[in-house]
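Take a look at the structure below.
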Amino acid sequence: MRAPASSPAGWSRSRATVALLTLGTAGLAVGVLSLNDSYIDFGDGNYLYVAWRLTEGAALYSEILSPQPPIHSLLAAGLVWLGDRLGSAILTVRTALVFVHLFTGWLLYRLARRWGFGRGTAVLGVLIWALCPINFRWSLGWQSENIELIFLLCAQIMLCRRGGLTLFLAGLCGAAALLCNMTAAPYVLFNALFAVVAFRRRGLLCAAGLLGGWLAVALSFEIATGAFFQNTILNQVGSYPEQGLLAYAARKILQEGRSVLRVEGVWVGLALGGMVLAGARARARWSDPVALYRGIYSLGGLLSITYVSKGGTVDYIFCLGDPYVGMWAGYALVSLSERAAAPSLATPDRRRWIWGTAVFLLLLTGTVQSIPYHWRYLSQQGSEWPSDRMRLVTARIEEHTRPGDLILAPPHFAFITRRRLVEDFSETYLWYIKWLNEMRAGEPGEGVAMMERIGTAIREGRVALIALNGLSPELERQSMVAGTLPEEAQGLENRYIASIDPIRRAVFAACRRAGPRLSSNLPHSASRVFGDASGRPLVYMQEELTFWTPRHQGESGLD
3 MRAPASSPAG WSRSRATVAL LTLGTAGLAV GVLSLNDSYI DFGDGNYLYV AWRLTEGAAL
63 YSEILSPQPP IHSLLAAGLV WLGDRLGSAI LTVRTALVFV HLFTGWLLYR LARRWGFGRG
123 TAVLGVLIWA LCPINFRWSL GWQSENIELI FLLCAQIMLC RRGGLTLFLA GLCGAAALLC
183 NMTAAPYVLF NALFAVVAFR RRGLLCAAGL LGGWLAVALS FEIATGAFFQ NTILNQVGSY
243 PEQGLLAYAA RKILQEGRSV LRVEGVWVGL ALGGMVLAGA RARARWSDPV ALYRGIYSLG
303 GLLSITYVSK GGTVDYIFCL GDPYVGMWAG YALVSLSERA AAPSLATPDR RRWIWGTAVF
363 LLLLTGTVQS IPYHWRYLSQ QGSEWPSDRM RLVTARIEEH TRPGDLILAP PHFAFITRRR
423 LVEDFSETYL WYIKWLNEMR AGEPGEGVAM MERIGTAIRE GRVALIALNG LSPELERQSM
483 VAGTLPEEAQ GLENRYIASI DPIRRAVFAA CRRAGPRLSS NLPHSASRVF GDASGRPLVY
543 MQEELTFWTP RHQGESGLD
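Residues in the sequence shown are numbered from 3 upward in steps of one, following my numbering.
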């Protein structure tokens with residue numbers, strides 16, 4: 003697959019190798035030196051809790067809810083099992099993620115070369131990709147997209163080689179990506195369609211690998227659990243709002259799109275410019291299906307931001323687009339620098355100086371925009387609960403519970419302390435949506451049944467500790483005085499546990515506060531979801547965590 007002409011400075015193989023090794027060494031050093039056990043994100047903690055439960059013998063899908071296909075959950079379970087034997091499961095997982103990130107960068111370089119970019123352009127693309135804040139931030143925790151991206155890049159590289167075996171392997175890699183996260187569907191289906199159109203009968207091997215590989219695993223899990231399709235497809239569809247979908251989707255896309263542009267807008271702008279420049283240079287070859295594939299796939303990667311229209315999905319999904327941001331932004335900068343260096347009578351020294359300065363300023367501006375975001379997470383300022391605060395949470399949970407006790411808490415806390423969640427209630431968002439939709443429809447189902455079971459367990463004293471999070475200080479004080487927990491619209495911000503009536507009623511009927519609240523600085527200061535009566539976003543400076551234990555006869559609900 004030949005890309006737009008670009009051979010910056012005629013980089014040799016050895017020069018590119020040295021550059022990649024330098025980038026890799028720097029990335030390894032940063033990754034290893036910044037390893038920590040902080041609570042980075044709800045999803046990371048949820049997936050690690052599910053992985054731990056799998057090592058305990060829980061059956062995926064039938065005994066514990068998981069919205070993702072099995073590969074990333076099973077890989078996480080393997081790492082947790084290994085980490086428990088090495089002394090730290092969470093550090094083992096996060097060390098593995100450092101190498102996942104490095105391997106992804108190498109695959110991006112290989113894809114850029116297969117697409118015909120010069121070695122220098124490919125190296126610059128990897129550097130910009132590494133600087134992209136969305137990609138960096140979401141590489142720190144265990145997310146399915148990190149593993150999915152490896153298989154997507156492998157599928158593209160195999161597709162470029164065109165051989166019968168490699169086309170079949172491209173299909174299998176596509177199936178593996180789909181078995182990490184269903185967001186891979188449009189990309190792998192496009193691969194199969196392109197292979198059939200471009201390579202005719204040989205292309206059917208790609209389609210066969212994709213459909214055969216995915217169906218073999220999917221049907222095996224459906225037969226074994228009876229819940230694979232319910233978990234990975236129907237639950238995902240159910241996370242979309244039942245009414246006002248278009249308005250909701252437009253609002254989410256604009257909201258999260260602005261979030262991406264705020265932290266890596268320079269790189270995105272350069273990438274779009276690079277794609278336009280390449281299209282203009284190759285306009286005489288638009289009939290070439292290979293050129294169309296490269297352009298359409300790259301644009302599709304950038305359009306991954308539209309997945310935020312799915313409930314519970316935010317800007318992290320754009321890590322599927324960041325490889326193409328890096329690749330095409332690198333191409334744009336190289337093209338500009340080549341123009342600046344071109345020895346042409348039509349380009350006098352002054353003009354070359356202007357072009358060169360523009361290239362330098364663009365690279366500097368993009369880096370300056372990105373680095374503060376990187377530091378925020380390397381220093382744990384962006385973590386929901388940094389390591390030092392996590393130790394306080396762990397101590398509080400271990401003070402009031404024993405191994406084997408049931409708790410109700412964010413799943414990361416349960417994973418770290420190895421306490422099982424009541425009813426394995428880790429996928430709080432999906433269960434909340436199930437309960438809410440059933441209540442609105444007046445048709446009680448498994449969501450209502452789940453909440454009633456949790457409420458009953460709390461009332462019967464079978465839940466040793468409850469940790470409720472997401473309350474601003476003002477709302478937490480209100481709950482102390484009024485004896486009620488605030489409604490969702492008052493600022494629970496993705497922490498749905500306390501807004502579910504059966505749980506709320508059970509907590510205040512059967513539990514007492516256990517010790518003072520703990521707090522942690524929030525990674526964001528203003529609610530992106532909820533506002534006050536005038537529509538202004540509620541502002542949080544801290545996240546509050548309150549602890550509750552079963553109330554004995556005669557005790558009040560306040561400590």
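In this text, a Cβ means the ideal position worked out from N, Cα and C, and glycines have one as well.
Opening and closing residue of the alpha helix (DSSP H) in which I409 lies = Counted from its first residue, the sequence shown places residue 409 at position 407. Boundaries around I409 are those of the beta strand (DSSP E), L408 to L410, since no alpha helix (DSSP H) includes it.
Close Cβ partners of F230 (< 7 Å) along its chain, the five nearest in sequence each way excluded = Here residue 230 is taken as the residue at index 228 of the sequence shown, counted from 1. Counting only Cβ-Cβ distances below 7 Å, and skipping sequence neighbours, we find Y63, A220, F223 and E224.
message = Could you pull the DSSP bridge partners for F549 from this structure?
response = By one-based count along the sequence shown, residue 549 stands at place 547. Looking at the DSSP output, F549 sits in a beta bridge with A469.
ask   = How should E147 be labelled, buried or exposed, when 16 other C-beta atoms within 10 angstroms of its C-beta is the threshold for buried?
value = Position 145 of the sequence shown, counting from 1, holds the residue named residue 147. Under this definition E147 is a buried residue.
message = Taking only three categories from DSSP, how would you classify R519?
response = If you number the sequence shown from 1, residue 519 lands on position 517. Residue state, collapsed to three classes: coil.
ask   = Hey, M184 and P71: beta-carbon distance below 8 Å or not?
value = Residue numbering aside, residue 184 sits at position 182 when the sequence shown is read from its first letter. Residue numbering aside, residue 71 sits at position 69 when the sequence shown is read from its first letter. By the CB criterion at 8 Å, M184 and P71 fall inside the cutoff.
request  = Have a look at G59, L99 and R15 and flag the residue whose alpha-carbon is nearest the alpha-carbon of V32.
outcome  = Taking the first residue of the sequence shown as 1, we reach residue 32 at position 30. Nearest C-alpha to V32: L99.
request  = Can you have a look at R15 and say buried or exposed, based on whether 16 or more other CB atoms are within 10 angstroms of its CB?
outcome  = Within the sequence shown, residue 15 is the residue found at index 13, counting from 1. Classified as exposed, R15 has fewer than 16 neighbouring CB atoms from the shown chains inside 10 Å of its CB.
ask   = If you check the beta carbons only, do L151 and C321 fall under 8 Å apart?
value = In the sequence shown, the residue the question calls residue 151 occupies position 149. In the sequence shown, the residue the question calls residue 321 occupies position 319. In this structure, C321 lies closer than 8 Å to L151 by Cβ.
inquiry  = Going by the DSSP bridge assignment, what does R514 pair with across the sheet?
reply    = Reading the sequence shown from its first residue, position 512 is the one you call residue 514. According to DSSP, which records beta bridges pairwise, R514 is partnered with T551.
query = With a CB to CB cut of under 7 Å and the five nearest residues on each side skipped, what residues in its chain are close to Y41?
reply = As a position in the sequence shown, residue 41 is number 39, starting the count at 1. Leaving aside the five residues that flank Y41 on each side, the residues in its chain whose CB is nearer than 7 Å to its CB run, in chain order, G47, S385, E386, W387, M392 and H414.
query = What residue from L109, L171 and L181 has the CA that sits closest to A197's CA?
reply = Along the sequence shown, one-based indexing puts residue 197 at 195. Residue L171 is the option with its Cα nearest to A197.
task = Name, in chain order, the residues that DSSP records as bridge partners for R15.
result = Locating residue 15 in the sequence shown gives position 13, counting from the first residue. Bridge partners of R15 according to DSSP: none are assigned.
First and last residue of the uninterrupted alpha helix (DSSP H) at Y189 = Counting from one through the sequence shown, the residue named residue 189 turns up at place 187. Unbroken alpha helix (DSSP H) run through Y189: A187 to F201.
ask   = How would you call D390, buried or exposed, if buried means at least 16 neighbouring beta carbons within 10 angstroms?
value = Counted from its first residue, the sequence shown places residue 390 at position 388. So D390 ends up on the exposed side.
message = Measuring straight from C-alpha to C-alpha, what distance separates L408 and R464?
response = Locating residue 408 in the sequence shown gives position 406, where the first residue counts as 1. Locating residue 464 in the sequence shown gives position 462, where the first residue counts as 1. If I take the Cα positions, the gap works out to 7 Å.
inquiry  = For the segment 294-311 against the segment 86-105, do three or more pairs of beta-carbon atoms, one drawn from each stretch, fall closer than 8 Å, so that the two count as touching?
reply    = Judged by Cβ distances under 8 Å, the segment 294-311 makes no contact with the segment 86-105, as fewer than three pairs qualify.
Rounded separation between A334 and P374 - CA only = Sequence index remark: in the sequence shown, residue 334 carries index 332 (1-based). Sequence index remark: in the sequence shown, residue 374 carries index 372 (1-based). So the two alpha carbons sit approximately 24 Å from each other.
Nearest-angstrom Cβ-Cβ length linking L155 and L126, presumed shorter than 8 Å = For the purposes of this step, residue 155 is identified with residue 153 of the sequence shown, where counting begins at 1. For the purposes of this step, residue 126 is identified with residue 124 of the sequence shown, where counting begins at 1. L155 to L126, Cβ: 17 Å. No contact.
request  = Report the residue from W437, R442 and R461 whose alpha carbon sits nearest the alpha carbon of A451.
outcome  = Locating residue 451 in the sequence shown gives position 449, where the first residue counts as 1. Closest by C-alpha distance to A451, out of W437, R442 and R461, is W437.
key: Pick from C513, W433, V82 and T106 that is closest to A459, judged by C-alpha positions   = Locating residue 459 in the sequence shown gives position 457, counting from the first residue. Ranking C513, W433, V82 and T106 by CA distance to the CA of A459 puts C513 first.
request  = Pick helix, strand or coil for Y318, following the three-state DSSP scheme.
outcome  = As a position in the sequence shown, residue 318 is number 316, starting the count at 1. The answer is helix: DSSP assigns Y318 an H, G or I state.
ask   = Which residues in the same chain as T168 place their Cβ atom closer than 6 Å to its Cβ, once the five residues preceding and following it in sequence are excluded?
value = Here residue 168 refers to the residue found at position 166 when the sequence shown is read from its first residue. Setting aside the 5 residues that flank it on each side, T168 is surrounded in the same chain by M160, each with a C-beta closer than 6 Å to its C-beta; the list follows chain order.
ask   = Taking only beta-carbon atoms, is E445 less than 8 Å away from chain C?
value = The structure shown contains no chain C; it holds only a single protein chain.
ask   = When DSSP builds the beta bridges, which residues end up paired with I373?
value = Start at 1 with the first residue of the sequence shown, and residue 373 comes out as number 371. DSSP lists no bridge partner for I373.
query = Which of the three DSSP states, helix, strand or coil, is assigned to L37?
reply = Counted from its first residue, the sequence shown places residue 37 at position 35. Coil at L37, not helix or strand.
task = Could you tell me how far apart the beta carbons of L272 and L364 are, in whole angstroms, since I believe they sit closer than 8 Å?
result = In the sequence shown, counting from the first residue as 1, residue 272 sits at position 270. In the sequence shown, counting from the first residue as 1, residue 364 sits at position 362. Indeed they touch by this definition, with Cβ atoms about 6 Å apart.
request  = Could you name the residues of the same chain whose beta carbon sits closer than 8 Å to that of L394, not counting the 5 residues immediately before and after it, in chain order?
outcome  = To locate residue 394, count along the sequence shown from 1; it is residue 392. Counting only Cβ-Cβ distances below 8 Å, and skipping sequence neighbours, we find L520.
request  = Look at the alpha carbon of G122 and the alpha carbon of Y111, and state the distance between them as a whole number of angstroms.
outcome  = Sequence index remark: in the sequence shown, residue 122 carries index 120 (1-based). Sequence index remark: in the sequence shown, residue 111 carries index 109 (1-based). Just so you know, the alpha carbons of G122 and Y111 end up roughly 10 Å apart.
ask   = By a C-beta neighbour count over all protein chains shown, 10 Å radius and 16 as the cutoff for buried, is I319 buried or exposed?
value = Here residue 319 refers to the residue found at position 317 when the sequence shown is read from its first residue. Looking at its Cβ environment, which holds 16 or more other Cβ atoms inside 10 Å, I319 is buried.
I42, DSSP secondary structure in three states = The count along the sequence shown starts at 1 and reaches residue 42 at position 40. Judged by DSSP in its simplified three-state form, I42 adopts coil rather than helix or strand.
Rounded straight-line distance, which links the Cα of G302 to that of T419 = Here residue 419 corresponds to residue number 417 of the sequence shown, with the count starting at 1. Here residue 302 corresponds to residue number 300 of the sequence shown, with the count starting at 1. Those two C-alpha atoms are separated by around 41 Å.
key: Beta-carbon spacing of Q238, P69 below 8 Å   = Numbered from its first residue, the sequence shown carries residue 238 at position 236. Numbered from its first residue, the sequence shown carries residue 69 at position 67. Yes, the pair counts as a contact, with Cβ atoms nearer than the cut-off.
ask   = In the structure shown, what three-state DSSP assignment does R260 receive?
value = Counted from its first residue, the sequence shown places residue 260 at position 258. DSSP places R260 in helix when its eight states are reduced to three.
inquiry  = Given a cut-off of 8 Å on the beta-carbon distance, is the pair G215 and L174 in contact?
reply    = As a first step, residue 215 is located in the sequence shown; it is residue number 213 there, counting from the start. As a first step, residue 174 is located in the sequence shown; it is residue number 172 there, counting from the start. Yes.
message = So, with DSSP's three-state summary, where would you put I502?
response = For this step, residue 502 is matched to residue 500 along the sequence shown. The answer is coil: DSSP assigns I502 none of H, G, I, E or B.
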